[in-house]
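Have a look at the structure below, then the notes.
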Amino acid sequence: MQTAAGIHRTGEGPVLPYAPVEVPERIAKMRDRLLAASYQLDLDRAIHYTRIYRQTEGQPPCLRAAKGLEETLRRMPIRIEEEERIVGSKSSKDFADPLYIEATVNYAHIRLALSLYGTGKTVADWTAEDPDHREVALGTRGANFSRDITRLSEEEYRLLKEEIVPYWKDKTVQARKLALWKEKGITSLDPRALEGWFSGELPPQGHVTIGIRKVLDLGFKGIARQALERLQAFQAAFEKGEMDEKAFLRKKDFLEAARISAEAVCTFAGRYADLAEETARKARGIRKRELLEIAERLRRVPAEPPRTFWEALQAIWLTQAAVLISYGGNSITCPGRIDQFLYPYYRRDVEAGRLTRPEALEAVMEYLVKLASTVYFGPNNLTIGGVTAQGEDAVNEVSYLFLEAHHALKGCGRLGLAVRIAPRTPRAFLLRACRVHRDCAGLAFYNDEVVIRGLLEDGYTLEDARDYSIVGCAEPTGTGNNNGYTATNGVLLAAVLESLLHEGRRYPVNWKPVGPSAVPLSSLCSFDDLKRAFAEKTAEAMGKCVQAGYLKDQVIAEHFPLPLLSSTIEGCLESGEDLTRGGARYNHVAIGNCSLATVVDSLAAIKWAVYDHKLISLEELAECLRHNFQGREDLRQRLRQAPKYGNDDPEVDALAVWVADLYNRECRKHPFWMGGVHRPYMLSNGSHISWGATIGATPDGRPAGKPLSNGVSPTNGAERNGLTAVLQSVAKVCAVPISDGTILNATINPLTIQRAEGVDKFAALIEGYFALGGRQVQFNPVSREMLLDAQKHPENYPELVVKVSGISFRYIDLPRHIQDDIIARTEFGVA
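So the mapping is simple: the numbering used here equals the position in the sequence shown, first residue as 1, plus 14.
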């Protein structure tokens, strides 16, 4: 594989010796308490939102959302832990999720809570009783699967069952969108269908970066003032006849809601300041001084712009906590380019003698522990490195601090660092990142040149494209200036192919017809005929997905706006429009697929077995697939030996590029109703396993119900020519602008990268892949033997972290079927 001469900059200075730092005792206590905690369900938010929504029936949705948040931030119980110097939480309980009841009453969390109440059973006990229970438990997507227990008091149970769920039953996003889909004749959006595979039980609003830069520049008091100024400007325009009444009233409601929300965050901070001062009166010595410093910081931020590094970290964290309370379930917010935000404060404080590097590192560690406590299955991505908006090298001392903190904490089992690599990136930084990743995983590497080129394709300016962040699993997006709607809709190409091969019938409904109209197999006389039919069915499914997504977006825009998050996003206050109505500077929605290699390998196998070698007819193959190769194991084995993606095979790789390009073209040809584009992505958050359960046997030799391929990775076990061949195959696919993200997973034997020369080769591998045009890559530096032993003796592996997809988890917290999928990945060495 060619080397990355543009990235490999060994002449940029010495690579200094580096050893992981010790975790300070107070941070270790916070981390250990977090990792030992059992998952809980927190009803405070649901109680307050339900009360406010009952009281505000008939009022504008923006104002209802703002008042619900205001009530919650004013009344939810708060606490300051003994070791904390950065305070705030989205929940009143340890390791707990607020219940985002307005999204759906069918959360697996709720079903678990009602099922486990009073039994004393763990999730593991309950799921062992009935296979159906397992699917409910997996729907929580929380960590600590084997240890979770959803604990509710008797009063909480009564409120949930008698007041909260009954009120919201027909008012949630899910209920309203299903009613709208039924009205429009859309009835097949479920796991058995071809489209809308993310439009199911949990209706996400998408993944987005919070406008942290705006909070740091203005503070929430400044944001509230800006909302009032914009309202006055729109009032003047309306009075001059330059705006119709309906538009003005909508903007008025939004801006008033933004003001209420911003002021509510200031109240939230003030409550913590009061608590810190109250606690300080009972404290002594160093802790008393720390509590008074906490109070002083919270009297300043996030209401006003921060002045110091500690104030900036506190402002960022409390903003995240407040937004997490306000933002709907199954939706993810990330802070974005954390090193760029913090570096000016770090530099000023160090130069002024107010801060030392060890003190800053300890503060970053505490922030990471706080971030890991947000509970939701993830991913808590932070973006570091890359280039500035002006194209200069963006790596700074804070970039290294986050690497070191992540290394020391082993990512707390849940955190991810998105490491941007550009031609200007110092090689010392890449080597440090490789060293950290070798020891604790949790990192993913992104090729700035390819990602920026994709964002330009999506309509971003060059400056904003260079300033991208990673959200969700691996989705590049604008930093504080866009409504990404990532990971909200998808077309499962494996299901499209299955429906085509079985003339409209599907495996999970006993091969009954479902989805697009049937094409007789007898009409597919050549491989080109098959490809043309597959393309037509993909287009049909994509059209349905876009229609379903549009209707869901309308429900969210009309009933569930986001005034707090919107107030931080560039464009919303300026336009007077909520994020959900297209107020951001950039608006786009993503449509995803998690089965690229399964489809490519299946098409290649059909070409090889049916059309080239005529081993079997297409009709006979389809019959074998319907019976899951029963009595035809010989055929299944021959199909497994057919050419496969991931081996630098020009013909198969060309087929992969064709499938990716087809998906990209069909996705992008549909304009987004907010004025942006539909962006394609190919990644998986573990859904390749759950969706694989809905797909029958496939022509690549995969049995019915088994996992599909993951992201743009080859099928597990199909890589016959080594890691270099894998990277060369995937890089060809990355030439297609799958701009909302791709994930390539690879497992590397850790013994091959233990020594310095191994780390150097590891870095060169990434450089070479990026020189070929690869977009993203992440590695699990673990051996198969280690993973198997961790299954048998989890107590010996409390800090073993793996990448599931874009999500980092402690291996021992994963359910067995995901552990098995990771074990099944091909293990490579670094030569």
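Note that the Cβ used here is the ideal one computed from N, Cα and C, for glycine as well. Given the structure is predicted, the values throughout are model-derived calculations rather than measurements.
Helix, strand or coil, according to DSSP, for residue i in the structure here?
| i | result |
| --- | --- |
| residue 841 | strand |
| residue 16 | Bear in mind that a pLDDT of 43 at residue 16, under 50, signals an unreliable position, so the number given afterwards is only what the model happens to contain. DSSP places residue 16 in coil when its eight states are reduced to three. |
| residue 696 | strand |
| residue 340 | helix |
| residue 441 | helix |
| residue 787 | coil |
| residue 722 | coil |
| residue 396 | strand |
Using only CA atoms, which one of the options lies nearest to residue i?
| i | options | result |
| --- | --- | --- |
| residue 236 | 640, 685, 587, 600 | 587 |
| residue 226 | 750, 584, 52, 100 | 584 |
| residue 246 | 268, 232, 228, 233 | 268 |
| residue 400 | 314, 242, 479, 627 | 479 |
| residue 411 | 405, 485, 379, 371 | 371 |
| residue 515 | 317, 304, 728, 533 | 533 |
| residue 648 | 301, 452, 658, 635 | 635 |
| residue 350 | 594, 438, 439, 496 | 496 |
| residue 37 | 283, 253, 373 | 373 |
| residue 222 | 69, 766, 602, 721 | 602 |
| residue 485 | 352, 591, 592, 803 | 352 |
| residue 715 | 825, 732, 766, 725 | 732 |
| residue 283 | 100, 463, 262 | 100 |
| residue 53 | 124, 673, 773 | 124 |
Who does residue i pair with in a DSSP beta bridge?
| i | result |
| --- | --- |
| residue 602 | 691 |
| residue 685 | 691 |
| residue 485 | 489 |
| residue 732 | The partner list for residue 732 (beta bridge, DSSP) is empty, contrary to what the question assumes. |
| residue 346 | 221 |
| residue 458 | 432 |
| residue 56 | 112 |
| residue 746 | According to DSSP, which records beta bridges pairwise, residue 746 is partnered with nothing at all. |
| residue 652 | Its beta-bridge partners do not exist; DSSP assigns none. |
Apart from the five residues on each side of it in sequence, which residues of its chain come closer than 7 Å, Cβ to Cβ, to residue i?
| i | result |
| --- | --- |
| residue 230 | 319, 320, 326, 329, 355 |
| residue 779 | 844 |
| residue 494 | 223, 224, 225, 226, 227, 228, 350, 582, 583, 584 |
Just how far apart, CA to CA, sit residue i and residue j?
| i | j | result |
| --- | --- | --- |
| residue 570 | residue 260 | 19 Å |
| residue 783 | residue 743 | 10 Å |
| residue 676 | residue 550 | 10 Å |
| residue 250 | residue 280 | 29 Å |
| residue 847 | residue 346 | Residue 847 lies beyond the residue range present for the chain, which begins at 15 and ends at 845; the question has no answer from this structure. |
| residue 290 | residue 297 | 10 Å |
| residue 709 | residue 701 | 12 Å |
| residue 598 | residue 582 | 10 Å |
| residue 35 | residue 686 | 48 Å |
| residue 833 | residue 794 | 12 Å |
| residue 315 | residue 102 | 12 Å |
| residue 562 | residue 752 | 21 Å |
| residue 698 | residue 757 | 8 Å |
| residue 895 | residue 525 | Not covered by the structure: residue 895. The range shown for the chain is 15 to 845. |
| residue 240 | residue 73 | 24 Å |
| residue 13 | residue 508 | It is not possible to answer for residue 13, since the shown part of the chain is limited to 15 through 845. |
| residue 718 | residue 491 | 36 Å |
| residue 117 | residue 705 | 22 Å |
| residue 499 | residue 829 | 28 Å |
| residue 802 | residue 661 | 27 Å |
| residue 407 | residue 621 | 47 Å |
| residue 825 | residue 439 | 31 Å |
| residue 368 | residue 414 | 20 Å |
Leaving out five residues before and five after residue i in sequence, what residues of the same chain have Cβ atoms less than 6 Å from its Cβ?
| i | result |
| --- | --- |
| residue 470 | 479 |
| residue 775 | 844 |
| residue 44 | 97, 383 |
| residue 667 | 743, 746 |
| residue 595 | 571 |
| residue 841 | 761, 763, 798 |
| residue 14 | No statement about residue 14 is possible, as the shown extent of the chain runs from 15 to 845 and does not include it. |
Short of 8 Å in beta carbon distance, which residues of its chain neighbour residue i, apart from the five on each side in sequence? Order them along the chain.
| i | result |
| --- | --- |
| residue 106 | 56, 58, 90, 91, 92, 93 |
| residue 85 | 62, 63, 65, 66 |
| residue 671 | 746, 747, 749, 750 |
| residue 682 | 691, 692, 693, 694 |
| residue 183 | 119, 189 |
When the cut-off is 8 Å and only beta carbons count, does residue i lie next to chain D?
| i | result |
| --- | --- |
| residue 47 | Of the chains in the structure shown, none is chain D; there is only one protein chain. |
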